[in-house]
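Asks: Numbering (the working numbering), first residue to last: 46 to 405.
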Ligand code: SAH
Ligand code: SF4
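1) Which residues neighbour ligand 2 when neighbourhood means a C-beta less than 5 Å away from any of its non-hydrogen atoms? List them by chain order.
2) Given this structure, state the Cα-to-Cα distance separating residue 217 from residue 380, to the nearest angstrom.
3) For residue 305, tell me which candidate among 273, 256, 370 and 252 has the shortest Cα-Cα distance.
4) Which residues share a DSSP beta bridge with residue 157?
5) Following a CB-centred definition, is residue 367 positioned closer than 7 Å to any heavy atom of ligand 1?
6) Could you tell me if residue 360 is buried or exposed, where buried requires 16 or more neighbouring beta carbons within 10 angstroms of its beta carbon?
7) To test your reading of the DSSP string, which unbroken beta strand (DSSP E) runs of 3 or more residues are found completely within the segment 291-359?
8) Quick one: using the 10 Å Cβ neighbour count with 16 as the cut-off for buried, is residue 401 buried or exposed?
9) Out of 389, 169, 245 and 89, state which residue places its alpha-carbon closest to the alpha-carbon of residue 346.
10) Between the C-alpha atoms of residue 391 and residue 314, what's the straight-line distance to the nearest angstrom?
11) Give every residue of the same chain whose Cβ lies closer than 6 Å to the Cβ of residue 118, excluding the five residues on either side of it in the sequence, and list them in chain order.
12) Could you check what DSSP says for residue 56 in three-state terms: helix, strand or coil?
13) In whole angstroms, what separates the C-alpha of residue 477 from that of residue 237?
14) How would you label residue 105, buried or exposed, when you count the other beta carbons within 10 angstroms and need 16 or more for buried?
15) Report yes if the C-beta of residue 337 is less than 7 Å from at least one heavy atom of ligand 1; otherwise report no.
16) State buried or exposed for residue 353, treating a residue as buried only when at least 16 other CB atoms are found within 10 Å of its CB.
17) In this structure, does DSSP put residue 183 in helix, strand or coil?
18) Short check: CB of residue 189 to CB of residue 176, under 8 Å?
19) Would you kindly work out how many angstroms separate the C-alpha atoms of residue 182 and residue 223, rounded to a whole number?
20) Is the beta carbon of residue 139 closer than 8 Å to that of residue 203?
21) Indicate whether the contact test is met: 3 or more Cβ pairs, each with one atom in the segment 265-281 and one in the segment 307-325, closer than 8 Å.
22) Roughly how many angstroms lie between the CA atoms of residue 197 and residue 145, to the nearest whole one?
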């Protein structure tokens, strides 16, 4: 028997084709999307504006399948973390960060990550597989359905959970499409951010494919240091990365800027000379720098920079005219802060592939 088609995660154009293949009218697409994304329906039986015949047909060939939430943690400061089970072996994590004027959902794009950044708990764990678009979108739907009951909502989505989104392009682009679609989540392009460690060829494609915001995980102002902290830099060095950033900034019709993420590691990348080189590198770029105090995890070799050091670093950037903010760490009592997401990853990369092959 053919596997049923999960309608979750299909962007509008693919859903249109699905209904056209069934000889159904195009307006069915809008109806189904609204049932799934606006009303949280998970069964075709509830969809009373579809004919009985169509409901039965859909039940036979399609599903709206959400994965199982195996754990839900609330931190003291309002952060919520979901642990979601994907098959027997793998778990991913999704985090909601409430702020006064917005609620940001941090979602995962892969089970683990193959890029092995040395300061990142996900990277240290290894890689299992890419998420499908329905597994990416499920995280948003699970959060939205839960938060609705508490009169809260997801206003922003960031791909800053587990994984490198630009190594899972088609599923991530489909998911972004659904996030921006008024028939689904209807978020504005400024409120959806893809964060990448700098997969250069994919950055060019992304610039032309999907009009969302971009964050680049820079973490070092020179190749010597970045090669160690973000090993993918050995393949895509800073000069090439900055060229791709300029391409992104000039693509599209609307004004764009880039968030540059910079994790603050005590004595490693937080010296005044690093701040000065960073200011030089970003001169003339429409950039905003986000300093992230390092979030520790078991067995890490790094320590978080001192507050005074972070302030000095920020001041050097300010004085050079670069907009800079320091991210407040949230949800650390439930291990939900940036770079602490570990889930449960059955690591295939280190056994079957090995880091050097991943990078080559
Ligand atoms: N792979 C993507 C997105 C996931 S990581 C990327 O690297 O951009 C999301 C952000 O968390 C990145 O900026 C990453 O560098 C940062 N991060 C990773 N580990 C961290 C840690 N231990 N403390 C603080 N930030 C961390
Ligand atoms: Fe992967 Fe991002 Fe972690 Fe690097 S920081 S290992 S790219 S998830």
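Glycine included, each C-beta is placed from N, C-alpha and C at the ideal position.
Since the structure is predicted, the reported quantities are computational estimates derived from the model, not experimental observations.
Replies: Straight from the coordinates:
1) Spelled out in chain order, the answer is 158, 160, 162, 165, 167, 168, 209 and 242.
2) Counting from one through the chain shown, the residue named residue 217 turns up at place 172. Counting from one through the chain shown, the residue named residue 380 turns up at place 335. Across the structure, residue 217 and residue 380 are spaced so that their CA atoms are roughly 25 Å apart.
3) Taking the first residue of the chain shown as 1, we reach residue 305 at position 260. Per the Cα distances, 370.
4) As a working note, residue 157 is residue 112 in the chain shown. For residue 157, which the question treats as bridged, DSSP gives the partners 172.
5) The residue labelled residue 367 in the question sits at position 322 within the chain shown. No, ligand 1 has no heavy atom inside 7 Å of this Cβ.
6) For this step, residue 360 is matched to residue 315 along the chain shown. Exposed is the call here.
7) You should have 303-309 and 332-338.
8) Looking up residue 401 in the chain shown gives position 356. Unreliable positioning characterises residue 401 in this predicted model, as indicated by a pLDDT of 37, which lies under 50. The coordinate reading is nonetheless provided below. Exposed is the call here.
9) By one-based count along the chain shown, residue 346 stands at place 301. Nearest to residue 346 by C-alpha distance, out of 389, 169, 245 and 89, is 169.
10) Here residue 391 corresponds to residue number 346 of the chain shown, with the count starting at 1. Here residue 314 corresponds to residue number 269 of the chain shown, with the count starting at 1. The C-alpha of residue 314 is placed about 31 Å away from the C-alpha of residue 391.
11) Within the chain shown, the letter at position 73 stands for residue 118. So the list reads 126 and 379, once near-sequence residues are dropped.
12) Taking the chain shown and counting its residues from 1, one reaches residue 56 at position 11. Of the three classes helix, strand and coil, the one that applies to residue 56 here is coil, per DSSP.
13) Residue numbering for the chain in the displayed model covers 46 to 405; residue 477 lies beyond these limits and cannot be assessed.
14) To locate residue 105, count along the chain shown from 1; it is residue 60. Classification of residue 105: exposed, given that the 10 Å Cβ count is below 16.
15) Position 292 of the chain shown, counted from the first residue, corresponds to residue 337. Under cutoff, so the answer is yes.
16) Translated into positions along the chain shown, residue 353 becomes position 308. Residue burial is scored here from C-beta neighbours: residue 353 has fewer than 16 other C-beta atoms within 10 angstroms and is therefore classed as exposed.
17) Position 138 of the chain shown, counted from the first residue, corresponds to residue 183. Of the three classes helix, strand and coil, the one that applies to residue 183 here is helix, per DSSP.
18) Translated into the one-based positions of the chain shown, residue 189 becomes position 144. Translated into the one-based positions of the chain shown, residue 176 becomes position 131. Not a contact, by the Cβ cut-off of 8 Å.
19) Residue numbering aside, residue 182 sits at position 137 when the chain shown is read from its first letter. Residue numbering aside, residue 223 sits at position 178 when the chain shown is read from its first letter. Distance between the alpha carbons of residue 182 and residue 223 is about 8 Å.
20) Numbered from its first residue, the chain shown carries residue 203 at position 158. Numbered from its first residue, the chain shown carries residue 139 at position 94. Residue 203 places its beta carbon 8 Å or farther from that of residue 139.
21) Contact holds: three or more Cβ-Cβ distances are below 8 Å.
22) In the chain shown, residue 197 corresponds to position 152, counting from 1. In the chain shown, residue 145 corresponds to position 100, counting from 1. CA-to-CA, the gap between residue 197 and residue 145 works out to about 11 Å.
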